[in-house]
Amino acid sequence: MPIVVSLVLLKLWALFAPLQASPPVSSSTPPPSAFFHPPSPPPQQPFQIHLQGPFSISPDGVYHVSGGISISYLGTTISADRMDGSFKNGFLFSGNARIERNGISATADTIFFYPPDGSFRLGNPHGMLTPSLFNGNIYSPIFLKGQELEGNQSGYLFGQSLSATTCTLPTPHYQLQIGSAELIPYQKLTLRKVSIFFFGVKLLTLPELVIPLNQRLPKRPRTNYLPEFGQNIDEGYFARFPYAFAEGRDAAGLIRLDVTQKRGIGYRFEQEYLAGKQTTQTTPTNEAYSADNGVLVSAYGYGSIGNRLPRLGTGLGPTNGGLFSLQGYLSQGFNTNFSASFKHQQNIGSNNRIAIDSELQRNSYTFGTGTVSYDTQTTRFDFNHTDPLHGTDGDLTLNLATSFSPGFFSRQLTGSLKQDFLFGSSGSTHNSLSFDLELSDLLSGGSGLSSKSERLDENFSYQHDSREYALSLVANGSTPIGVQTGGTFGVLQKLPELKMDVNTYRFRGGWLQKLPATLELGVGQYSEPGSEVNTDRVLLGLNTQPITLLTGRTELTTALGFEQRFYGDGAAQYRLHDDMHLRQHIAGRSGFDIDYVYDQPEGATPFYFDQLRRSHYLSFDGGYLDDPHFQFTARVGYDLTHSPGTLPWQSLSTRLMWRPSPSVRFDATQVYDPNRGRFFALVNQLSLRGKNDFGLDILANIDPQQPGIRRKITQLNTQFSIPIGRAWRINGLYLYNGLTGSFTAQNLQIIHDWDCLEMSLTYTNNVGGFRPERAFYLSIRITAFPFFRAFGYGPAGQALGTGIGSLY
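The sequence shown runs 85 to 892 under my numbering.
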């Protein structure tokens, strides 16, 4: 029967408390430098000790326990058959010794426990670390055994001569043999002299491996970080072998070897460095391709090697720091198919930021039966000043771009200066003033001909907002500089324009507040390119807010308006409009909407931009949505202004959803032309779900007006994930174009699972980009670690799908 003796030990604790500030170093006490020391716990926190056998206390305060003991303190529970020691020098547990605390469970030959700071040391441990210690960077427990393991109440761990695996089998499929390991919770895990074994075979030994644990969202390693194999029209068959490495804490490098069939040996080199505090960034999945500066860099990037160096292989660079990259082929030197870039971004103080971006590309692409070569070079400089306290914001941008190819050249210089001011803000009153100057200089030519265009655009804006009204003053111009030989172009110039909007519902009182109307007044001089008209315009407008006529199950609202425009050349026009909306509720979510739109302009205008469009139509939109197994919607419209011989009806589109069970769903969309009495689009999708994450989507897009059965099926797409037994799975995404009679995308993946490991073979063949590619990837990964698989992506890095919904 366990005996609780916490009160007795608490008194003894008080006697020894003055001696616990600095633990002595002895053969039974680990050196203080081996531990990560948290703040010392308050000494009044009691032990909880349960004894199952006799114990004794010597005059010098040494405890001897046999027959079983369990002790709990500072979130740690240790149990064993025997215990010897004291509060001053620590306790040694032996005989079926076991320790448990948040995230750790282990047995050992001996366990040494030091009460003052909750530290412990395990001899010959066999234990388990749960995913909670790794801040979401691991999904399965880690099983450890080794020579020695030390730790303390903060979760800090240090071990020597360890083996680790997440495999639950007696003979694991893989394991790591580790010389030493140090875990600082929620910061990092450092492994030294790491040997990796797969199926009992030693693959390689790493001198050091650092895994950051302080990322809010763990970076997903990608399959493209592994060797990459494929084929494209420029390189033929290729193999790429990337290697990324850290250079201290604030720099990293990437070296990639490309072995190609047509261009020989290629390379890519990146050097990244940090300069200042790094800010958190959210980036799209396919950012690597859209922002990449390399000619033949994969569309998916190479992942991360550290928390503060996340962008190697993407060509992007850090938020504060720089990136230098080179890519080319050894046989072609620096003149053909070579690219180089330099990027640097830097915050200066709390209000200023600069960015420099320079890029050179010399490319040669296969086109038809020949090749096309061109050189491009761009250099961009940005400076931004933001001072929210004083309400100022400014930007300066300079950009130079040059391009050369046989028979053609171009040079474009652009620059802009923008400045914004906020002032006089009080309550609902705000004032803003902004101006910007934009310079463009374009020179292009070829085959003995050339053209030049140089312009300066000026923009000015003042905005005053208050509770009762809003006032704006806008002016802009476009001034040619020098002789223009490339034709004229421009924008609508306001010389200037003054507008005022008054909303009566924002008034504080009076009868106007009860009139839900907006008054618009405007006057200005305008110069329009194309029409070459330069004259004045006065605008008067009165529009009501939506007025509710009916409420309840039948809702009816209307909004009326009148606008009058006068022009400096004597022309004038006015506009009457009415928007009416009727909604009828039927049952719960079902019902229908009827919209009536009347927009009638009369008169004339000398400007193109001010021409008003006449509209007069009805539209109907309704649906039955109350049944979770069956739903139907329809939409159609009718033009009331049609003349004989025109087509008054808008297309009738319907959509049907039928879901007889949670694992079966059918969607059908039909588009019908009432004017000609025929269908011109039918889209049907069948979705099936089953056990063990089985999924199948089949989509067919049918155009009945196309000739022949094959061409009528303009699209036939399928996406599937099929388990085969307990260890195999096949994923696929196929997109077929019936008009061309060919596949636009073929993606197939075969996966085999071994409890703790997963092997995948992925094949992709996507056409439609500038350079269609076929590629295949073979990867073996540990399932306990987060992973992103580059599957189902198009030639531009865009996610592909069947068209409606997705499997996951």
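Positions of the beta carbon are idealized from the N, C-alpha and C atoms, including for glycine.
Of the residues the options, the one placed nearest residue i, counting alpha carbons only
i      : options                        : result
Leu206 : Ser178, Glu319, Arg437, Ser805 : Ser178
Pro402 : Leu783, Asn431, Gln231         : Asn431
Thr470 : Leu517, Ile670, Arg324, Ser434 : Ser434
Arg592 : Gln715, Gln568, Tyr553, Ile565 : Tyr553
Gln789 : Ile782, Leu783, Ile797         : Ile797
Phe778 : Trp812, Ile786, Leu800         : Trp812
Gln429 : Leu414, Asp441, Asn419         : Asp441
Val586 : Thr563, Asn618, Pro564, Gln629 : Gln629
Pro200 : Phe171, Tyr708, Ala181         : Phe171
Thr161 : Phe196, Val146, Asp662         : Phe196
Asn404 : Leu660, Leu287, Leu772, Tyr357 : Tyr357
Ser745 : Arg739, Gly774, Gly511         : Gly774
Ser500 : His514, Leu480, Leu484, Gly511 : Leu480
Leu550 : Val575, Thr513, Ser727, Gly263 : The amino acid occupying residue 550 in the given sequence is Ser; Leu does not appear at that position. Selected option, being the one with the closest Cα: Thr513.
Asp165 : Tyr682, Arg182, Asn173, Phe704 : Arg182
Gly675 : Tyr546, Thr274, Tyr708, Leu644 : Tyr708
Ala643 : Asp334, Gln769, Leu660         : Leu660
Arg762 : Asp663, Asn768, Trp733         : Trp733
Cα-Cα separation between residue i and residue j, rounded to whole angstroms
i      : j      : result
Ala328 : Leu410 : 15 angstroms
Gly137 : Ser150 : 6 angstroms
Phe467 : Leu521 : 15 angstroms
Asn421 : Ser528 : 23 angstroms
Tyr847 : Ile814 : 12 angstroms
Asp168 : Gln833 : 59 angstroms
Gly239 : Asn186 : 8 angstroms
Asp710 : Phe804 : 30 angstroms
Ser516 : His548 : 7 angstroms
Leu800 : Arg719 : 26 angstroms
Phe119 : Gly235 : For Phe119, the pLDDT reaches just 32, beneath the cut-off of 50, and the residue's location in the model is therefore unreliable, leaving the point undetermined.
Thr250 : Thr289 : 19 angstroms
Ser737 : Asn785 : 14 angstroms
Ile793 : Ile782 : 18 angstroms
Ile339 : Gly412 : 12 angstroms
Ile141 : Tyr270 : 40 angstroms
Pro84  : Tyr157 : Residue 84 lies beyond the stretch modelled for the chain, which goes from 85 to 892, so this question has no answer here.
Phe325 : Met843 : 19 angstroms
Val88  : Leu135 : Note on Val88: pLDDT 31, under 50, position unreliable in the model; no value is reported.
Gln754 : Gln715 : 14 angstroms
Phe691 : Asn560 : 17 angstroms
Ser448 : Gln648 : 59 angstroms
Phe507 : Phe544 : 16 angstroms
Phe465 : Ser494 : 20 angstroms
Phe282 : Ile806 : 27 angstroms
Val285 : Ser279 : 10 angstroms
Ala105 : Asn173 : Residue placement at Ala105 is poorly supported in this model, since its pLDDT is 31, which falls under 50; the coordinates still yield a value, given next. Answer to the nearest angstrom: the Cα atoms are 12 angstroms apart.
Thr641 : Ile678 : 11 angstroms
Asn316 : Arg858 : 6 angstroms
Rounded distance between the beta-carbons of residue j and residue i, thought under 8 angstroms
i      : j      : result
Gln503 : Phe519 : 6 angstroms
Arg637 : His669 : 4 angstroms
Thr486 : Ser524 : Rounded, the Cβ-Cβ distance is 15 angstroms, inconsistent with contact.
Gly202 : Gln237 : 3 angstroms
Tyr198 : Leu841 : Contact flag wrong, Cβ pair sits at about 39 angstroms.
For residue i, the residue or residues it bridges with in DSSP
i      : result
Lys583 : Ser556, Gly606
Val567 : Answer is none; Val567 lacks a bridge partner.
Leu660 : Phe646, Gln684
Ala784 : Asn768, Leu800
Gln808 : With the sequence shown as reference, residue 808 is identified as Ile, and Gln is not the correct amino acid for it. DSSP lists Trp812 as partners of Ile808.
Glu234 : Arg205, Phe242
Asp653 : DSSP, once it has assigned bridges, lists no residue as partnering Asp653.
Lys536 : Leu527
Lys502 : Asp479, Asp520
Asp342 : Arg324, Gly350
Ala671 : DSSP, once it has assigned bridges, lists no residue as partnering Ala671.
Asn627 : Thr602, Gly645
Glu443 : Ser425, Thr462
Residue-level contact to chain B via CB, residue i, 8 angstroms cutoff
i      : result
Asp757 : In the structure shown, chain B cannot be found, because there is only a single protein chain.
query: Can you list, in chain order, the stretches of the beta strand (DSSP E) that have 3 or more residues and sit fully within the region 693-733?
result: DSSP runs (the beta strand (DSSP E)) wholly in the region 693-733: 699-708, 714-723.
message: Going residue by residue through the region 150-229, where are the continuous beta strand (DSSP E) segments of at least 3 residues, counting only ones entirely within it?
response: Listed in chain order, the complete beta strand (DSSP E) runs (minimum 3 residues) inside the region 150-229 are 160-170, 174-185, 188-198, 203-207, 210-213.
query: At what residue ranges does the region 259-295 contain a whole run of the beta strand (DSSP E), taking only runs of 3 or more?
result: Runs of the beta strand (DSSP E) inside the region 259-295: 272-282.
field: Completely contained alpha helix (DSSP H) runs for the region 818-859, where each covers 4 or more residues
entry: Qualifying alpha helix (DSSP H) stretches: none in this window.
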